[in-house]
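> Numbering (the UniProt record's numbering), first residue to last: 1 to 727. A virtual CB, placed ideally from N, CA and C, is assigned to each residue, including glycine. Could you have a look at this structure, given as structure tokens, before my questions?
Encoded structure:
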């Protein structure tokens with residue numbers, strides 16, 4: 001049978017695992033895409049993926065790529081396909097449409113045009129045609145739009161493959177089955193099971209992890225209990241081939257349930273909530289595992305070893321994430337209890353913790369040897385892996401109470417190196433800043449690998465940020481070096497110790513950049529190119545002023561006279577202040593955070609800006625840009641510096657700047673006058689500009705011109721472009 005082309009989708013972050021899995025089904029992966037893998041294979045391998053894939057969401061048989069730069073062009077391309085080979089004339093179908101471009105911005109419109117193309121092709125002379133059934137169609141047509149191409153295929157899956165058929169009830173926050181399977185694979189569970197290991201989940205909820213662990217260890221096909229697949233009424237379906245694969249799966253299930261050399265592993269789940277244990281029991285019955293998997297009501301602090309458990313195995317747990325502040329206060333106790341229980345009961349085992357609050361991993365009292373970044377739905381999360389042994393033991397520490405680092409010099413020679421570097425920088429960078437009239441600047445940015453710090457001067461006060469230490473530096477050494485730095489900095493720079501603030505700088509996700517770090521309320525004013533700006537060194541992750549954008553703000557100030565200015569994702573409005581001081585006739589600044597909207601309004605008031613001409617509004621910039629521009633939304637100068645990623649609940653969607661920047665720039669350009677200018681900036685270090693933008697607009701990268709001397713050591717701090725309408 002000739003090779004077919006498939007696109008197999010999966011949750012974001014599982015692409016490489018899925019690629020390996022598809023090879024085991026006889027497919028030949030061609031390339032990975034975001035949340036999916038393109039692969040060649042036979043129809044049999046496609047059936048195997050539907051029946052056996054533990055990671056996939058959908059298996060789509062690719063038919064063609066259709067030109068789709070307009071709705072009519074897309075309609076014509078879809079009509080040209082031979083749908084009579086796929087959809088029964090007296091049957092039904094539906095269209096799953098995803099994606100958008102400049103011509104097709106609405107998925108409902110896109111789906112309608114694809115539906116019209118299918119119907120136009122199949123409509124007989126008598127007027128007979130297949131019907132559209134959104135709930136229970138014979139065939140599902142997959143249509144995925146990317147730029148000017150529409151990828152058209154047949155969805156062989158039906159419902160998403162993560163729905164195994166055993167879970168109709170749900171616990172409080174259930175993991176999807178394919179994500180649970182991915183966690184087990186990352187933990188090395190298949191190898192542990194083959195070696196005679198057992199599986200325990202001390203916070204099992206509705207039982208997804210323990211059920212998936214049992215299915216994986218016993219060689220049970222994840223699609224074995226599904227009532228229907230999407231290909232069963234497709235005209236290309238091969239029933240005999242499918243029956244053979246189903247029979248093979250049943251034989252493997254029978255052999256698997258006999259265990260390895262006659263021993264079936266122990267699979268146990270525990271939870272303190274009686275209602276979710278009942279739900280887990282119901283799920284076990286539907287999975288046919290009620291005689292193999294045991295679930296019990298038991299709290300973590302009552303966890304203890306049972307005699308039947310093997311000497312080795314896997315503990316995998318998905319504890320609460322503590323999304324509410326009141327809940328987060330309890331996480332340290334919960335994680336500490338988990339660590340104590342596992343260390344006491346299961347030495348020699350492996351522990352996996354899948355969490356949206358990875359900072360609490362330190363409360364477990366074990367040093368993680370591996371971390372995987374994944375997503376639980378749209379929520380960024382991490383899988384932390386630990387060996388439960390004495391060499392991995394560490395003192396539990398709660399992140400909310402990191403403890404004071406007392407200034408202390410443990411290595412005088414090392415401390416002297418930092419002291420000398422800071423004094424040298426004060427003579428060079430500090431002298432340059434004074435000559436330029438710059439009061440806020442970066443003095444030191446991890447110049448020496450021993451001291452991974454960023455040290456910024458704010459008109460006589462010092463803001464120190466400790467970067468997260470690399471894996472090669474253990475926590476004790478990192479704290480020792482920070483203590484040395486805090487001892488050296490005041491004397492080397494010439495400031496009082498009470499004028500120095502120290503924070504740990506880590507990658508922020510979701511809404512964490514908006515959360516308060518403290519509540520000192522200590523604001524003070526600083527000055528930049530004739531502008532007055534309010535900053536706070538203590539209460540937030542950032543201070544209210546991005547120092548690296550100083551040249552961009554100055555350029556805006558020099559070119560804003562007589563112009564209408566728009567500041568998207570405005571933060572505290574510093575760029576708007578420069579525009580107003582530079583003579584902008586009016587401005588609009590938008591940000592999702594009420595805190596920063598108020599801050600921006602105060603900054604403008606400090607500089608005497610008329611609030612009726614210089615407005616700051618709380619708005620989701622994604623939703624605002626997606627709307628139709630009104631007559632008063634025309635600007636001569638636009639500044640847009642979006643976050644790299646955001647999934648805030650206040651937003652209409654998820655922002656991924658690499659994926660979404662093309663759309664954002666195109667939407668912003670619709671609000672720009674014909675002779676206007678858009679300045680686009682990002683601090684995403686692996687950013688690549690969408691090449692198609694340069695075909696539509698006049699684009700010039702100006703990054704080098706936007707880096708002052710104090711940031712030339714860190715030339716990747718941001719990248720910046722000027723975008724104009726092509727003449």
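Taking the C-alpha atoms as reference points, what is the distance between residue 592 and residue 645?
For residue 592 and residue 645, the distance between alpha carbons rounds to 14 angstroms.
> What would DSSP say about residue 697, mapped onto helix, strand or coil?
DSSP places residue 697 in strand when its eight states are reduced to three.
> Taking the alpha carbon of residue 245 as the reference point, which residue from 448, 536, 47 and 195 has its own alpha carbon closest?
Closest option to residue 245, Cα to Cα, is 47.
> Cα-Cα, which of 102, 34, 337 and 373 is closest to residue 666?
It is 102 whose Cα lies nearest to the Cα of residue 666.
> Evaluate residue 93 with the Cβ neighbour count: other Cβ atoms within 10 Å of its Cβ, from every protein chain shown; 16 or more gives buried, anything less gives exposed.
It is buried - the Cβ of residue 93 has at least 16 other Cβ atoms within 10 Å.
> Would you kindly work out how many angstroms separate the C-alpha atoms of residue 303 and residue 16, rounded to a whole number?
Distance between the alpha carbons of residue 303 and residue 16: 35 angstroms.
> If the criterion is Cβ atoms closer than 9 angstroms, does the pair residue 298 and residue 270 meet it?
Going by C-beta atoms, residue 298 is nearer than 9 angstroms to residue 270.
> Measuring CB atoms only, is the stretch 664 to 682 touching the stretch 601 to 610, in the sense that at least three cross pairs come out at less than 8 angstroms?
These segments do not touch.
> Using only CA atoms, which one of 250, 234 and 200 lies nearest to residue 220?
Looking at the Cα atoms, 250 is the closest of the given residues.
> Return the CA-CA distance between residue 512 and residue 224, expressed in angstroms with no decimal places.
Bear in mind that the predicted position of residue 512 carries a pLDDT of just 42, short of 50, making it unreliable; the figure below should be weighed with that in mind. Straight-line Cα distance between these residues: approximately 42 angstroms.
> Just confirm the distance between the C-beta atoms of residue 207 and residue 280, as a whole number of angstroms; I'd bet it's less than 8 angstroms.
3 angstroms between Cβ atoms; contact.
> Which stretch, first to last residue, makes up the beta strand (DSSP E) that contains residue 67?
Looking at the DSSP string, the run of the beta strand (DSSP E) that includes residue 67 is 58 to 67.
> Which class does residue 479 belong to by DSSP, given the choice of helix, strand or coil?
In this structure, residue 479 counts as helix in the three-state DSSP scheme.
> Measuring alpha carbon to alpha carbon, tell me which of 135, 654, 547 and 385 ends up nearest residue 459.
Nearest C-alpha to residue 459: 547.
> I'd like the ranges of any alpha helix (DSSP H) spanning at least 4 consecutive residues and lying wholly in the stretch 586 to 618.
As far as the stretch 586 to 618 is concerned, its whole alpha helix (DSSP H) runs of at least 4 residues are 594 to 606.
> Spell out a yes or no on whether the stretch 471 to 490 and the stretch 427 to 439 are touching, meaning 3 or more CB-CB pairs, one atom from each, closer than 8 angstroms.
The answer is no - the stretch 427 to 439 does not touch the stretch 471 to 490, with fewer than three Cβ pairs under 8 angstroms.
> When you compare the stretch 191 to 201 with the stretch 312 to 319, are there three or more beta-carbon pairs, one atom per stretch, that lie closer than 8 angstroms?
Yes, since at least three Cβ pairs between the stretch 191 to 201 and the stretch 312 to 319 fall closer than 8 angstroms, the two stretches touch.
> What residue does the beta strand (DSSP E) around residue 269 start on, and which one ends it?
Its beta strand (DSSP E) spans residues 267 to 271.
> Measure the C-alpha to C-alpha separation of residue 7 and residue 235 and round it to an integer number of angstroms.
Cα to Cα, the separation comes out at about 19 angstroms.
> So, is residue 721 buried or exposed, given that buried needs 16 or more other C-beta atoms within 10 angstroms?
Buried, by the Cβ-count rule.
> Is it a yes or a no for the stretch 40 to 56 touching the stretch 133 to 148, going by three-plus beta-carbon pairs under 8 angstroms?
They do not touch, by the three-pair rule.
> I need the boundaries of the beta strand (DSSP E) containing residue 5, first residue and last residue.
Looking at the DSSP string, the run of the beta strand (DSSP E) that includes residue 5 is 4 to 9.
> Do you know how far the Cα of residue 64 is from the Cα of residue 140?
So the two alpha carbons sit approximately 15 angstroms from each other.
> For residue 71 versus residue 45, is the C-beta distance shorter than 9 angstroms?
Taking 9 angstroms as the Cβ cut-off, residue 71 and residue 45 do not qualify as a contacting pair.
> Can you tell me whether residue 528 is buried or exposed? The criterion is at least 16 other CB atoms within 10 Å of its CB, across all chains shown.
With 16 or more Cβ atoms within 10 Å of its Cβ, residue 528 is classed as buried.
> Closest to residue 501 by C-alpha separation, out of 541, 477 and 533, would be which residue?
Here the closest residue by C-alpha is 541.
> Would DSSP call residue 149 helix, strand or coil?
Residue state, collapsed to three classes: strand.
> Which residue from 134, 354, 243 and 308 puts its Cα closest to that of residue 186?
For the residues 134, 354, 243 and 308, the minimum Cα distance to residue 186 belongs to 354.
> Residue 27 by DSSP, collapsed to three states: which one?
Reduced to three states, the DSSP call for residue 27 is coil.
> Does DSSP put residue 667 in a helix, in a strand, or in coil?
It is helical.
> Which stretch, first to last residue, makes up the beta strand (DSSP E) that contains residue 731?
In the structure displayed, the chain extends from 1 to 727; residue 731 sits before or after that span and is not available.
> Which residues in the same chain have their Cβ closer than 8 angstroms to the Cβ of residue 89, if we skip the five residues on either side of it in sequence?
Within the same chain, residue 89 has close Cβ partners 122, 124, 128, 129 and 130.
> When you compare the CB positions of residue 659 and residue 34, do they come within less than 9 angstroms of one another, or not?
Cβ atoms of residue 659 and residue 34: closer than 9 angstroms.
> With 16 other CB atoms within 10 Å as the buried threshold, where does residue 388 fall?
Flag for residue 388 reads buried.
> For residue 714, which three-state DSSP category applies?
If DSSP states are grouped into helix, strand and coil, residue 714 belongs with the helices.
> Would you call the CB atoms of residue 637 and residue 556 closer than 9 angstroms?
Yes, Cβ-Cβ distance for residue 637 and residue 556 is below 9 angstroms.
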